[in-house]
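Last residue of the sequence shown: number 245 in our numbering, and the count goes up by one each step with no gaps.
We treat Cβ as the ideally placed atom computed from N, Cα and C, and that holds for glycine.
Predicted, not measured: the structure shown is a model, and the values here were computed from it.
In what follows, a single structure is set out as structure tokens and then discussed.
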Amino acid sequence: MVQRLKSIFHTGSLPPEISSLIDLYQDSFEYGDSRGTRISDALAFEDPLSEDLDMSSASLTLLDDKMFNMVQQVINSFSLPGVASRRVKFHRKIRCRDLLLSVVANNYASAQVVIFNNNTWFAAVIQRIFTATWLSSPGQTHQCPFALIIPYKPLDSSNGIPDPYSRFGFSGSKLFDGKLDDNPLVVPIDSISSHFTYTPQEHSPISTSFHALPLTKFPDFGAAQHRHIFHTAVFIYRSPLFCFI
């Protein structure tokens, strides 16, 4: 029932007697920050698309060789690979499930994300958000939102600082160096699992180190949706999973 709250409260046909209840719901769960809560997880599947995406050539930007090659490499891993277009549509922010994701220049907090991959995860910052298109072998055009991210350097044995949290897996959080890696990555937006809480380690020998705790109880949710979308060739940006803002 809770998953239908958004649809119920936005029908426009509810009696005026419950208007105060609707206002309370919207202030608490739609306009407020409810990330990491159970109701936020439940409401995530009803995020509507706010506007159409303009993919006309006049609104597109030409990628440089390095970034284009990264995009093409990711597309080559899909079940329906193809030749990517060099022209993409950049965005300042995008809503994916319950996540409001932004480029770091637009909103620092919303750009701090967790990527879950191959039974492990890492923290990263979003540099760019864009939609790319490609032509598959049957002659069909597909499009998908991507992010250019830069991972934070992890703490390891060479740092001389033990990480007691990492042995507990995804729910146990991790310590990171705080410095950004030298190699950016391009990932599908849907492979981003969550945001994370950022806690500086004041007494650490590495002044930039921080503790990252993922704000989700389902570490593989993004990856599972990613596998479903791309293995069934559903490359439709007008999906409730994505909302361009």
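The beta carbon of leucine 62 sits closer than 6 angstroms to the beta carbons of Arg86 and Arg87 from its chain, once the five residues preceding and following it are set aside; these are given in chain order. Taken in chain order, the whole beta strand (DSSP E) runs of length 3 or more contained in the region 47-134 are 82-84, 87-91, 93-96, 99-102 and 112-117. In chain order, Trp134 and Leu135 place their CB closer than 7 angstroms to the CB of valine 83, counting only its own chain and leaving out the 5 sequence neighbours on each side. The beta-carbon distance between alanine 132 and valine 187, rounded to whole angstroms, is 12 angstroms. This is too long to meet the 8 angstroms contact definition.
Beta-bridge pairing by DSSP links serine 137 to no other residue.
The Cβ-Cβ distance between proline 145 and histidine 91 falls below 9 angstroms. Under the DSSP definition of a beta bridge, isoleucine 18 lacks any partner. Nearest to histidine 142 by alpha-carbon distance, out of Leu148, Pro81, Val103 and Val74, is Pro81.
For leucine 185 and alanine 124, the gap between their C-alpha atoms comes out near 10 angstroms. Rounded to whole angstroms, the Cβ separation of serine 193 and isoleucine 115 is 7 angstroms, and the two are in contact under 8 angstroms.
For proline 200, the enclosing beta strand (DSSP E) has its first and last residue at 192-200. The beta-carbon distance between asparagine 107 and lysine 93, rounded to whole angstroms, is 7 angstroms. This is short enough to meet the 8 angstroms contact definition. Short of 6 angstroms from the beta carbon of proline 138, and not among the five residues preceding or following it, lies no beta carbon of its own chain. Cβ-Cβ separation between proline 154 and phenylalanine 122: approximately 7 angstroms, consistent with a contact (criterion under 8 angstroms). Spatial neighbours of leucine 180 in its own chain (CB-CB distance under 8 angstroms, excluding positions within 5 residues in sequence) are listed in chain order as Val125, Ile150, Pro151, Tyr152 and Lys153.
The continuous beta strand (DSSP E) containing aspartate 177 extends over residues 174-180. Sixteen is the threshold: since fewer than 16 other Cβ atoms of the shown chains lie within 10 Å of the Cβ of leucine 24, the residue is exposed. Within the model, the alpha-carbon separation for alanine 105 versus leucine 21 is close to 36 angstroms.
For leucine 213, the enclosing beta strand (DSSP E) begins and ends at 210-214. Take proline 214, set aside five residues on each side of it, and the residues of its chain with a beta-carbon closer than 6 angstroms to its own are Val114, Ser194 and Phe196, in chain order. Residue state for leucine 155 is assigned as coil, using DSSP reduced to three classes. From the listed residues Met67, Thr208, Asp27 and Lys174, the smallest Cα separation to arginine 128 is found for Met67. Looking at Thr208, Asp190 and Ser191, the one whose alpha-carbon comes closest to that of tyrosine 198 is Thr208.
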